[in-house]
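Engineer: Submitted below is the structure of interest, expressed as structure tokens.
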Amino acid sequence: MTSEQQTSERHWSAGRIADILLDAEATTTSRTSLSAEWPGLTLPVAYEAQDIALAARKARGEIVTGIKLGLTSRAKQRQMGVDAPSVAWLTDVMALPAGDPVPRNRLIHPRAEPEIAFVMGRRLAGPGVTAAQALAAVDHVFGAIEIIDSRYAGFKFTLEDAVADNNSSGVYVTGPVLRRPEDLDLALEACLLEIDGQIVDTATGAAVQGHPAEALAFAANTLAERGHAIEAGWVVLTGGMTDAVAVEPGARVAAHFTSLGSITISGG
Ligand code: 0L1
Ligand code: MG
-3 MTSEQQTSER HWSAGRIADI LLDAEATTTS RTSLSAEWPG LTLPVAYEAQ DIALAARKAR
57 GEIVTGIKLG LTSRAKQRQM GVDAPSVAWL TDVMALPAGD PVPRNRLIHP RAEPEIAFVM
117 GRRLAGPGVT AAQALAAVDH VFGAIEIIDS RYAGFKFTLE DAVADNNSSG VYVTGPVLRR
177 PEDLDLALEA CLLEIDGQIV DTATGAAVQG HPAEALAFAA NTLAERGHAI EAGWVVLTGG
237 MTDAVAVEPG ARVAAHFTSL GSITISGG
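Mapping to this note's numbering: the sequence shown position 113 is 109, numbers consecutive.
Spelled out as structure tokens, the structure:
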């Protein structure tokens, strides 16, 4: 096979993977892992599929509003059986207004996870970004609940599958308290995750790569390899602090942060 044929095969595969996953999302239908069927689903191909899907989202009018890290905490890596973090895209339709219930009609099997989120004050471009440089580019920080949804049955996937699936993107809701990053110690920022008033998990920001700014630096450096930067004004979800918990219809999910306030969402 010539190198031109190899490139075109790679593009075709990434494009097909993007189509399959966007269709599964649109029809709220889960499927089995793609990596089992496509041995060519390497990490670069998975990121290429993610970017092709983003182009399709933009073509239908969605606006890129930021990025979401995935699998940045040991809890999440253990839960999903992977050992590395990853980066994916956020668009405007993924932001859920505070007070809205989980939009179950758009989701297959929603799960909730608490996160520390940033809004960027200035552009951050890798390579070589350190956590200190990353934090200096942040304008403010807030708490968030991400409602993830996987297009794979039973959330069974490899890292490559999850990357191609935009890191299980669903929707996210942001908390009521904005803080400057220098005003709090994010490694010590704690969160209690509650379902129907029962605490189901707890974590501090240190669960996220030792400090959420490390996750931000990882994102800047990983995106740089693909020719992207993190733009001023973008939201960055730094990754689930705890395991993600299934959100049943009628459930009440709450995340209580030490300094970043409380967020409650109804399971719809
Ligand atoms: O924040 C996260 O760690 C999201 C990970 C996406 C993969 C998943 O758990 O479904
Ligand atoms: Mg997440």
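Note that the Cβ used here is the ideal one computed from N, Cα and C, for glycine as well.
Keep in mind the model is a prediction, meaning the values are calculated, not measured.
1. Under a three-way DSSP split, which group does Val41 fall into?
2. Can you find the residues in the same chain that come closer than 7 Å, C-beta to C-beta, to Ala10, ignoring five residues on each side of it along the sequence?
3. Below 7 Å between beta carbons: does that hold for Val231 and Gly62?
4. Could you name each continuous beta strand (DSSP E) segment of 3 residues or more that falls completely within the region 60 to 147, going from the start of the chain to the end?
5. Rounded to the nearest angstrom, what separates Glu109 and Ala199 at their Cα positions?
6. Helix, strand or coil, according to DSSP, for Phe214 in the structure here?
7. Based on Cα-Cα distance, which residue from Val249, Ala228, Ala251 lies nearest to Arg119?
8. Return helix, strand or coil for Leu189, following the three-state DSSP convention.
9. Tell me the rounded alpha-carbon separation between Glu21 and Arg147.
10. Quick check: what's the CA-CA separation for Arg12 versus Leu39?
11. Report the rounded CA-to-CA distance for Thr25 versus Ile144, giving the unit in angstroms.
12. Would you mind reading off the limits of the beta strand (DSSP E) that contains Ser164?
13. Can you give the Cα-Cα distance for Thr265 and Ala91, rounded to whole angstroms?
14. To the nearest whole angstrom, what separates the beta carbons of Gly235 and Glu58, a pair I think is in contact under 8 Å?
15. Just to confirm, does Glu210 get its C-beta within under 6 Å of one of the non-hydrogen atoms of the ligand MG?
Structural biologist: With the structure as the only source:
1. Position 45 of the sequence shown, counted from the first residue, corresponds to residue 41. In the structure shown, Val41 sits in a helix (DSSP, three-state: H, G or I).
2. Your numbering for residue 10 matches position 14 in the sequence shown. Only Val41, Glu44, Ala45, Ile48 meet the Cβ criterion.
3. The residue labelled residue 231 in the question sits at position 235 within the sequence shown. The residue labelled residue 62 in the question sits at position 66 within the sequence shown. Yes, they are a contact pair.
4. 60 to 66, 82 to 87, 107 to 116, 134 to 144
5. Position 113 of the sequence shown, counted from the start, is the residue given in the question as residue 109. Position 203 of the sequence shown, counted from the start, is the residue given in the question as residue 199. Distance between the alpha carbons of Glu109 and Ala199 is about 11 Å.
6. Numbered from 1 along the sequence shown, position 218 holds the residue referred to as residue 214. Phe214 falls in the helix class under three-state DSSP.
7. If you number the sequence shown from 1, residue 119 lands on position 123. It is Ala228.
8. On the sequence shown, residue 189 is found 193 positions in, with the first residue counted as 1. Of the three classes helix, strand and coil, the one that applies to Leu189 here is strand, per DSSP.
9. For the purposes of this step, residue 21 is taken as the residue at position 25 of the sequence shown. For the purposes of this step, residue 147 is taken as the residue at position 151 of the sequence shown. Cα to Cα, Glu21 sits roughly 6 Å from Arg147.
10. Within the sequence shown, residue 12 is the residue found at index 16, counting from 1. Within the sequence shown, residue 39 is the residue found at index 43, counting from 1. Distance between the alpha carbons of Arg12 and Leu39: 15 Å.
11. By 1-based counting over the sequence shown, the position of residue 25 is 29. By 1-based counting over the sequence shown, the position of residue 144 is 148. Rounded to whole angstroms, Thr25 to Ile144 spans 15 Å at the Cα level.
12. Your numbering for residue 164 matches position 168 in the sequence shown. First-last for Ser164: undefined, no H or E at that position.
13. An answer regarding residue 265 cannot be provided, because it is not within the stretch -3 to 264 covered by the chain.
14. Residue mapping note: residue 235 aligns to position 239 of the sequence shown, counting from 1. Residue mapping note: residue 58 aligns to position 62 of the sequence shown, counting from 1. So it is not a contact: roughly 22 Å between Cβ atoms.
15. For the purposes of this step, residue 210 is identified with residue 214 of the sequence shown, where counting begins at 1. No.
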